[in-house]
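Here the sequence shown is numbered in numbering that gives the first Met the number 0, starting from 0 and rising by one per residue. We put the beta carbon where it would ideally sit given N, CA and C, even for glycine. Report on the following structure.
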Amino acid sequence: MFAVRAYIVASKHSNGAGSPMGEKFDLIVIGGGSGGVRAARVSAQLGAKVAIVEEYRYGGTCVIRGCVPKKLFVYASRFGDLFDVAPSFGWTVDAAFDWPTLLANKDKEIARLEKIYETLLDGSGVKIFKARATVTGPNAIKLSTGEELEAERILIATGGAPFKPDIEGSDLGITSNEAFHLETLPRTILIEGGGYIAVEFATIFAGLGVDTTLVYRRDKILRGFDHDVRDGLEDALRERGVRFRYGYHISGLRRDGEGVCVSFSHGEEATFDKVMFATGRHPNTSDLGLDAAGVQLDQTGAVVVDEYSRSSVPSIYAVGDVTGRAALTPVAIREGSAFAQTVYNNTPTTVPYHLIPTAVFSEPEIGTVGMSEEAAAERYRSIDIYVTRFRPMMNTLSDRQEKMMLKLVTETDTGRILGCHILGPGAGEMIQLIAIPLGMGGTMADFNHAIAVHPTAAEELVTFKSPSYRVVDGEKCNP
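See the structure below:
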């Protein structure tokens, strides 16, 4: 439990300097992303008087410069693969790609979604402010417009921001934010990082014809994912022309004509048109006034919260990426809703972090939920692994050899499904549905009871006859 500081607070009608305070609310939400908007809307629908403040654009990272534009770019990058196999189905294709057209259409769609977010807020009775907010106390904020607002509670939902390493010339590199607004498509790009943002943008740029190199200080991409997914994606990206440089990192950047010269930690130098940092994100808490308000932050700058999203200050809560719990849009939305139910509907609600399905929109696509083989082997004495690999049906008329992979991790004694990992077309769509039986404690018997839909890739999940192998005390063996 948090140690709660005591405060001597000026009158609610004063800012402590004799001037009148502004409008008073039950709740002020700082941040107009998915988590903040959901919390504001549900709280207002439950009867609270709510204000929401956003300094940039409503919709947050996901809608404006994250998940939505990224997936639109991924769609664009996949057409090359479709054109490659089209002749085997009788099509003759003469195609050309135009980057400005993609940017313009993306911007049009983002503007449409942003308007929807504002309309939903307005329709719920939430008062919208477009300004930067600074917390001035446990119940007060000040806007960049000069207005001062009070509330019984404040919710921090300011999300995260891309991280740039503290190296010489780092300003010459871009992040995912700027990647969505490049005036021209580069001929060559170096991406530093090994997480999902790095591999997704490697997919995008390579798919659009950019000579793409990924550098990562570790020895394998997607740390924490199942090893079959990691290996399979790397092999597929290599086939698409992506180069991998493992075991070192960027130590400095400098301008080299129209390009950027990269100095690597092992001494090599190389020049690229663009350099992108996909080295993680950090909680967006700088200059919010949280320290002065007594809100505890961890070493990364994330707001430390309890299971009900309450910070060390009883009147201040936080949801979404700013808490460092799970940086995923659906999680932020669930946290925002849980906050509203807990505080304004007298229904204490928590979020099930132990079973979060995840999709990586690389090419091929990844869908994963539950434990990896490695994690399950550490926790359970004996696990059974069911795995299959095959060419997707789309590729069978062509000479494309890339394979799809579906994998189930189960507990030997009970047959309970511990994890599911899919690499290939439709993986994200499949994993959403697989998350349901996993959350219900589904077993291999339950999966085998289901009748397959043929011909589909997903049918492989319900037609396994026996384990591919068993892992006992960390050692692989025959079942």
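Sixteen is the threshold: since fewer than 16 other Cβ atoms of the shown chains lie within 10 Å of the Cβ of residue 74, the residue is exposed. For the pair residue 115 and residue 431, the Cα-to-Cα distance works out to about 25 angstroms. In this model, residue 61 and residue 112 are separated by some 11 angstroms (Cα to Cα).
DSSP places residue 317 in the uninterrupted beta strand (DSSP E) bounded by 315-317.
In this structure, residue 273 sits away from residue 196, with a CB-CB distance that is not shorter than 8 angstroms. For residue 443, the enclosing alpha helix (DSSP H) has its first and last residue at 443-448. Between residue 151 and residue 21 the beta-carbon gap is near 15 angstroms, outside 8 angstroms, which marks them as no contact.
The residues 349, in chain order, have a CB closer than 6 angstroms to that of residue 306 in the same chain once the five nearest residues on each side in sequence are set aside. The shortest C-alpha to C-alpha distance from residue 100 to any of 179, 321 and 249 is the one to 179.
Under DSSP, the beta-bridge partners assigned to residue 418 are 369 and 408. Per DSSP, residue 201 lies in no beta strand (DSSP E); the unbroken alpha helix (DSSP H) holding it starts and ends at 195-206. The residue among 407, 402, 376 and 158 with its C-alpha nearest the C-alpha of residue 285 is 158. Rounded to the nearest whole angstrom, the C-alpha separation of residue 47 and residue 92 is 57 angstroms. A residue is called buried once 16 or more other Cβ atoms fall within 10 Å of its Cβ, and residue 280 is buried on that count. Taking a contact as a CB-CB distance under 8 angstroms, the pair residue 193 and residue 217 counts as one, their CB atoms being some 6 angstroms apart. Residue 404 counts as buried, since no fewer than 16 other beta carbons sit within 10 angstroms of its beta carbon. Contact annotation: residue 129 and residue 191 have beta-carbon atoms that are not nearer than 8 angstroms. Beta-bridge partners of residue 155 (DSSP): 29 and 317. Residue 439 carries a coil assignment under DSSP once its states are collapsed to helix, strand and coil. Contact between residue 96 and residue 207 holds: their C-beta atoms lie close to 6 angstroms from each other, under 8 angstroms.
Rounded to whole angstroms, the separation of the alpha carbons of residue 316 and residue 127 is 19 angstroms.
According to the DSSP assignment, residue 173 belongs to no beta strand (DSSP E), since it is labelled neither H nor E. Nearest in C-alpha terms to residue 362, of all of 473, 203 and 132, is 203.
Straight across, the Cα-Cα distance linking residue 376 with residue 105 is about 43 angstroms.
Here residue 434 is near residue 356, since their CB atoms are less than 8 angstroms apart.
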